Amino acid sequence: MQFTINSLDTNSKARTGTIKTAHGEIPTPIFMPVGTVGSVKGINPRELEQDINAKIILGNTYHLYLRPGLEVIEAAGGLHKFISWDRPILTDSGGYQVFSLAENRKLKPEGAHFRSHIDGSKHFFSPENVMDIQRVIGADIIMAFDECPPGTATYDYAKKSLDLTENWLDRCIKRFDETEPLYNYEQTLFPIVQGCVYPDLRRRAAEFVATKNRDGYAIGGLSVGEPAEVMYQMVEVVNDILPIEKPRYLMGVGTPDNILEAIDRGVDMFDCVMPTRNGRNGMLFTSEGIINIRNKRWSNDFSPIDPQGASFVDQRFTKAYLRHLFISKEMLGPQLASIHNLGFYLWLVGEARRRIEDGTFKGWKDQLVKKLVVRL
RNA sequence: GGGGAGAUACCAAAGUGGCCAACUGGGGCAGACUGUAAAUCUGCUGGCGUACGCCUUCGUAGGUUCGAAUCCUGCUCUCCCCA
Numbered sequence: 296m297q298f299t300i301n302s303l304d305t306n307s308k309a310r311t312g313t314i315k316t317a318h319g320e321i322p323t324p325i326f327m328p329v330g331t332v333g334s335v336k337g338i339n340p341r342e343l344e345q346d347i348n349a350k351i352i353l354g355n356t357y358h359l360y361l362r363p364g365l366e367v368i369e370a371a372g373g374l375h376k377f378i379s380w381d382r383p384i385l386t387d388s389g390g391y392q393v394f395s396l397a398e399n400r401k402l403k404p405e406g407a408h409f410r411s412h413i414d415g416s417k418h419f420f421s422p423e424n425v426m427d428i429q430r431v432i433g434a435d436i437i438m439a440f441d442e443c444p445p446g447t448a449t450y451d452y453a454k455k456s457l458d459l460t461e462n463w464l465d466r467c468i469k470r471f472d473e474t475e476p477l478y479n480y481e482q483t484l485f486p487i488v489q490g491c492v493y494p495d496l497r498r499r500a501a502e503f504v505a506t507k508n509r510d511g512y513a514i515g516g517l518s519v520g521e522p523a524e525v526m527y528q529m530v531e532v533v534n535d536i537l538p539i540e541k542p543r544y545l546m547g548v549g550t551p552d553n554i555l556e557a558i559d560r561g562v563d564m565f566d567c568v569m570p571t572r573n574g575r576n577g578m579l580f581t582s583e584g585i586i587n588i589r590n591k592r593w594s595n596d597f598s599p600i601d602p603q604g605a606s607f608v609d610q611r612f613t614k615a616y617l618r619h620l621f622i623s624k625e626m627l628g629p630q631l632a633s634i635h636n637l638g639f640y641l642w643l644v645g646e647a648r649r650r651i652e653d654g655t656f657k658g659w660k661d662q663l664v665k666k667l668v669v670r671l
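Heads up, the first sequence is in my numbering, so the first residue is 296 and it goes up one at a time.
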């Protein structure tokens, strides 16, 4: 994997760049739709390519390992072939499930013992087997196996957790470097910076991963319950240390204004379930602000879903019709909302790239952030 | 014409003397959601008040009772069966 910086903003830490992978190029800053189980929920891959123009999507090691299982994925020739997606894929390691499925797992130095959320069966994830699993899945970018502590973690816990994550990272790197890809194209491993909301732990974590000389680095353990301002501070602390010539990936973030503020602070990659999950639940991110399409106020609003919208659904369908679909529980409603929201997110990062390159990013960002509050 | 059953909030439907402003479901209204155990979950849904609370409700008009959605009588309406 190669990363080249195309331009640096003079008024902020923002930059544009290009990531080259075996499955194509990714312009940065970029937003990556989440397709946990090998499907961006509700979205046809053709829509993802043509209407949304997603450059890369995510899969999840934990979910794909449980279902359909590695045998099926390997027999299919890897995840790209299995899900018919020829552009880049990034897989998360399952570290986030250590957090979100906390009641079903036990953490030990050697790894995490899990119970499947599907059938309760017992499983074990270690840094080593998570690397092996991600080799089988075959994503272009794979993530280190980490612990993602909650935003409310105490300093003591955060420190112990970071010790564990750093130990696991070394084991991930060792295993990754001594194994080969299964499908004749390059894979790369991104370490993850942890450290909760504690600047000294974040500094230590960033310095630790920076010595590993990988193709890119991730910032994890944010947007997990801490205030947005704290998240921005942590991003600043970490990005001051991470090598400037490597891409930075802020995991699981976030709202459109979170993304803009992080781009401002030098982040290049984002993923989040928000556009799809919240979209399925009726929340629309539009150029006019954030709205709940289920609200009665839209019942007779025959204006386009988003008059300034980038995706074809924005001009073609009205707010009143989309509301009707949601109220009627028609599956088309969540599908259209997901296409719209992902279209908006991809438009957002595309516009950010354009603004960074022509030097108007800062002013544009400040104005848009003000607009991106929930309309009352 | 004769016999029977029933009328409860937006709809459906429990309740058959005090624990009832009234179970439950639907509908309606609003909220939550950040590396997806989510096309999920939560709250409200007679009026006024942040709230203790107060006021008006169970077809309708009366009555019995300390107390009625619940018991009695008249009336109105609906449904079913027979002719």
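A virtual CB, placed ideally from N, CA and C, is assigned to each residue, including glycine. Bear in mind the structure is a predicted one, so any value in this text is a computation, not a measurement.
Next item on the list: Alpha carbon to alpha carbon, how far is D346 from L643? Give it in angstroms, no decimals.
Entry: In the first sequence, the residue the question calls residue 643 occupies position 348. In the first sequence, the residue the question calls residue 346 occupies position 51. Each residue's alpha carbon lies about 14 Å from the other.
Notebook entry, point to check: Looking at the structure shown, is L671 part of a helix, part of a strand, or coil, going by DSSP?
Noted result: Your numbering for residue 671 matches position 376 in the first sequence. Only weak support exists for where L671 lies, its pLDDT of 43 falling under 50; the value from the coordinates is given anyway. Looking at L671 - three-state DSSP - the assignment turns out to be coil, as it is neither helix nor strand.
Next item on the list: Could you round the C-beta distance between G690 and F440 to whole angstroms and report it? I think they count as a contact, below 8 Å.
Entry: Because the chain here runs from 296 to 671, residue 690 falls outside it and cannot be looked at.
Check: Name the DSSP beta bridge partners of F394, please?
Finding: In the first sequence, counting from the first residue as 1, residue 394 sits at position 99. Beta-bridge pairing links F394 to no other residue.
Margin query: Looking at G515: is its Cβ nearer than 8 Å to the Cβ of I487?
Written below: For the purposes of this step, residue 515 is taken as the residue at position 220 of the first sequence. For the purposes of this step, residue 487 is taken as the residue at position 192 of the first sequence. Cβ atoms of G515 and I487: closer than 8 Å.
Next item on the list: Return the CA-CA distance between Y616 and F597, expressed in angstroms with no decimal places.
Entry: Position 321 of the first sequence, counting from 1, holds the residue named residue 616. Position 302 of the first sequence, counting from 1, holds the residue named residue 597. Approximately 8 Å, taken between the alpha carbons.
Item checked: CB-CB length for T581 against F639, believed under 8 Å -> Along the first sequence, one-based indexing puts residue 581 at 286. Along the first sequence, one-based indexing puts residue 639 at 344. Right, their Cβ atoms sit about 7 Å apart.
Check: CB-CB under 7 Å to L484, same chain, minus the five flanking residues each way: which ones, in chain order?
Finding: The residue labelled residue 484 in the question sits at position 189 within the first sequence. Contacts found: I437, A439, C467, I468, F471 and R509.
Check: Roughly how many angstroms separate the alpha carbons of G415 and S334, rounded to a whole number?
Finding: Indexing the first sequence from 1 puts residue 415 at position 120. Indexing the first sequence from 1 puts residue 334 at position 39. Near 23 Å, if we compare the C-alpha coordinates of S334 and G415.
Notebook entry, point to check: Should V533 be labelled buried (16 or more other beta-carbon atoms within 10 Å of its own) or exposed?
Noted result: The sequence position of residue 533 within the first sequence is 238, counting from 1. Answer is buried; the Cβ neighbour count reaches 16.
Margin query: Check whether the segment 372-386 and the segment 441-450 touch, using three or more Cβ-Cβ pairs below 8 Å as the test.
Written below: no
Notebook entry, point to check: Which of helix, strand or coil does DSSP assign to I351?
Noted result: The sequence position of residue 351 within the first sequence is 56, counting from 1. Residue state, collapsed to three classes: coil.
Notebook entry, point to check: So, helix, strand or coil for L517, using DSSP?
Noted result: Start at 1 with the first residue of the first sequence, and residue 517 comes out as number 222. Three-state result, L517: coil.
Margin query: Tell me the residue span of the beta strand (DSSP E) that contains H408.
Written below: For the purposes of this step, residue 408 is identified with residue 113 of the first sequence, where counting begins at 1. First-last of the beta strand (DSSP E) with H408: G406 to R410.
Notebook entry, point to check: So what does DSSP say about T313, is it helix, strand or coil?
Noted result: In the first sequence, residue 313 corresponds to position 18, counting from 1. The answer is strand: DSSP assigns T313 an E or B state.
Notebook entry, point to check: What are the start and end residues of the beta strand (DSSP E) that includes H418?
Noted result: By 1-based counting over the first sequence, the position of residue 418 is 123. H418 -> beta strand (DSSP E) spans K417 to F420.
Next item on the list: Keeping to the same chain, check which residues put their C-beta closer than 7 Å to that of L671; ignore five residues upstream and five downstream.
Entry: Working through the first sequence from its first residue, we reach residue 671 at position 376. The pLDDT assigned to L671 is 43, lower than 50, so where the model puts this residue is not dependable; a value taken from the coordinates is nonetheless given after this. Cβ neighbours of L671 beyond the five flanking positions: none.
Check: Can you name the start and end residues of the alpha helix (DSSP H) that R497 belongs to?
Finding: Along the first sequence, read from residue 1 onward, the residue named residue 497 stands at position 202. Under the DSSP assignment, R497 falls in the alpha helix (DSSP H) whose first and last residues are P494 to A505.
Notebook entry, point to check: Hey, how far is the Cα of F503 from the Cα of E461?
Noted result: Mapped onto the first sequence, residue 503 falls at position 208. Mapped onto the first sequence, residue 461 falls at position 166. Using only the alpha carbons, I get a separation of about 8 Å.
Next item on the list: Taking all protein chains shown into account, decide if V668 is buried (16 or more other Cβ within 10 angstroms of its Cβ) or exposed.
Entry: Your numbering for residue 668 matches position 373 in the first sequence. Looking at its Cβ environment, which holds fewer than 16 other Cβ atoms inside 10 Å, V668 is exposed.
Next item on the list: List the whole-angstrom C-beta distance separating V329 from L361, where the pair is believed to meet the contact cut-off of C-beta under 8 Å.
Entry: Along the first sequence, one-based indexing puts residue 329 at 34. Along the first sequence, one-based indexing puts residue 361 at 66. Not quite, the Cβ-Cβ distance comes to about 17 Å (not below 8 Å), so this is no contact.
Checklist line | Outcome for P629 when other beta-carbon atoms lying within 10 angstroms are tallied against a minimum of 16 | finding: One-based indexing of the first sequence puts residue 629 at position 334. Looking at its Cβ environment, which holds 16 or more other Cβ atoms inside 10 Å, P629 is buried.
Notebook entry, point to check: DSSP state of N587, grouped into three classes?
Noted result: Residue 587 sits at position 292 when you count from the first residue of the first sequence. Reduced to three states, the DSSP call for N587 is strand.
Notebook entry, point to check: When you compare only the Cα positions, how much space is there between V393 and I585?
Noted result: Here residue 393 is taken as the residue at index 98 of the first sequence, counted from 1. Here residue 585 is taken as the residue at index 290 of the first sequence, counted from 1. Just so you know, the alpha carbons of V393 and I585 end up roughly 31 Å apart.
Note to self: The beta strand (DSSP E) that contains N301, what's its start and end?
What the structure shows: Against the first sequence, residue 301 aligns to sequence position 6. Unbroken beta strand (DSSP E) run through N301: Q297 to L303.
Check: For F440, does the three-state DSSP call read helix, strand or coil?
Finding: Walking along the first sequence from the start, residue 440 turns up at place 145. F440: coil per DSSP, three-state reduction.
Next item on the list: Name the one or two DSSP bridge partners that K403 has.
Entry: Against the first sequence, residue 403 aligns to sequence position 108. BP columns for K403 point to G406.
Next item on the list: Would you mind listing the alpha helix (DSSP H) stretches within the segment 544-600 that are 4+ residues and don't spill past its ends, in chain order?
Entry: Listed in chain order, they are 551-559 and 569-575.
Item checked: Beta-carbon contacts of Q603 that lie in its chain and below 7 Å, excluding the five residues immediately before and after -> The count along the first sequence starts at 1 and reaches residue 603 at position 308. Excluding residues within five positions, the ones whose Cβ falls inside 7 Å are S582.
Item checked: Per-residue DSSP class, three states only, for Y512 -> On the first sequence, residue 512 is found 217 positions in, with the first residue counted as 1. DSSP places Y512 in strand when its eight states are reduced to three.
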